[in-house]
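Written out below as structure tokens is the structure these notes cover.
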Amino acid sequence: MLSVVAALLPVVTYEAEASSYTMQTTAIYTDETCSGPAVNILVIDNDNCSAMACSPQPSGNSNFYKATTCYSTDSLSYNPMEDLFLGQTFIEIQAYSNINCTDDAYLYRHGLIVGSCEPFSTRNNHSVSVTLESDGSATILLYNNTECTDPLVTTYALSNYTLVNHHCYEGISSTELAQYTARYYVHLDYDSAGESEADSNFAAIVGGIVAVFVVVLAVAAFIVRCRNRRRQFNRARHRQ
């Protein structure tokens, strides 16, 4: 089903033995202040991270801007993408160096916004577009130019099963020289605090269950109290 993963995913060295991390986030924007929602984000662990202020990112006839931010944490523990995409639907790619997608083999995260043509952050003079279908599947297209027009380099199809279950999928590049394994996540209906609609619904359900439980306890306590009062009343009558 899937092919040519290496054309999409950048090669980033992961140092599993490092005891501390500095996370590096490189985000591409459409506004010259890099304050609006990002369109493309690459997150890696980099002990030598160097922050870079907002600067032009040439991409054909379009104007894009790039900024790099450093964090004192590792990218497996903290994910800044939802804060940077600001509510826009995007697909997150988590790449690993083994076929089981275990934490010790984690490489990096790559976020691509759905529904637009954007520069591909790790390949100069390339562009990428992402579509999300009504059946829950997605298509990622990589082009050999900056305008998302033919020639098409890669067609990358993700089934609903792969996305919903975050299936650890192993793909081989078209040249068969590189092989990558990744998990995929669709982010939609979330807020800038990183809470998705599913999270909100779950919290509401839990809150409702707790409320019902409290009401049941209150009713039970009331019944027990009434029974105790009745017993006391009956005892008093018998004594008379």
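Residues -18 to -1, 1 to 222 (mature numbering (1 follows the signal peptide of the UniProt record, and there is no 0)) are what the sequence shown spells out, left to right. The beta carbon of each residue, even a glycine, is placed where N, CA and C say it ideally should be.
Buried/exposed call for residue 172, threshold 16 Cβ in 10 Å:
buried
According to DSSP, which residues form a beta bridge with residue 123?
111, 137
To the nearest angstrom, how far is the alpha carbon of residue 122 from that of residue 54?
31 Å
Excluding the 5 residues preceding and the 5 following residue 61 in the sequence, name in chain order all residues of the same chain whose CB lies nearer than 6 Å to its CB.
Excluding its 5 nearest sequence neighbours in each direction, residue 61 has no C-beta neighbour in its own chain below 6 Å.
Cβ-based neighbour list, residue 23, same chain, cut-off 6 Å, excluding 5 preceding and 5 following
9, 63, 66, 93
Between 163, 46, 138, which lies nearest to residue 223 when the distance is taken from Cα to Cα?
The displayed coordinates of the chain run from -18 to 222. Any statement about residue 223 would go beyond what the structure contains.
Helix or strand or just coil, what does DSSP make of residue 128?
coil
Going by Cα to Cα distance, which pick from 75, 70, 152 is closest to residue 18?
70
Contact the segment 43 to 54 vs the segment 68 to 88: 3+ CB pairs below 8 Å
no
Which of helix, strand or coil does DSSP assign to residue 143?
helix
Check residue 49 in the structure and name its three-state DSSP category.
strand
Going by other Cβ atoms of all chains shown within 10 Å of its Cβ, with 16 needed for buried, is residue 27 buried or exposed?
That one is buried.
Are residue 14 and residue 40 close, meaning C-beta to C-beta below 9 Å?
no
On the criterion of 16 or more Cβ atoms from any shown chain inside 10 Å, does residue 129 qualify as buried, or is it exposed?
exposed
Could you give the C-beta distance for residue 144 and residue 166, rounded to a whole number, given that I count them as a contact under 8 Å?
6 Å
Taking all protein chains shown into account, decide if residue 81 is buried (16 or more other Cβ within 10 angstroms of its Cβ) or exposed.
exposed
Please classify residue 115: is it buried, with 16 or more other beta-carbons within 10 angstroms of its beta-carbon, or exposed?
exposed
Please report the distance separating the alpha-carbon of residue 125 from that of residue 4.
Spanning the alpha carbons of residue 125 and residue 4 requires a straight line of approximately 32 Å.
On the three-state DSSP scale, how would you describe residue 87?
helix
If we ignore side chains and look at the alpha-carbon of each, how far apart do residue 72 and residue 84 end up?
23 Å
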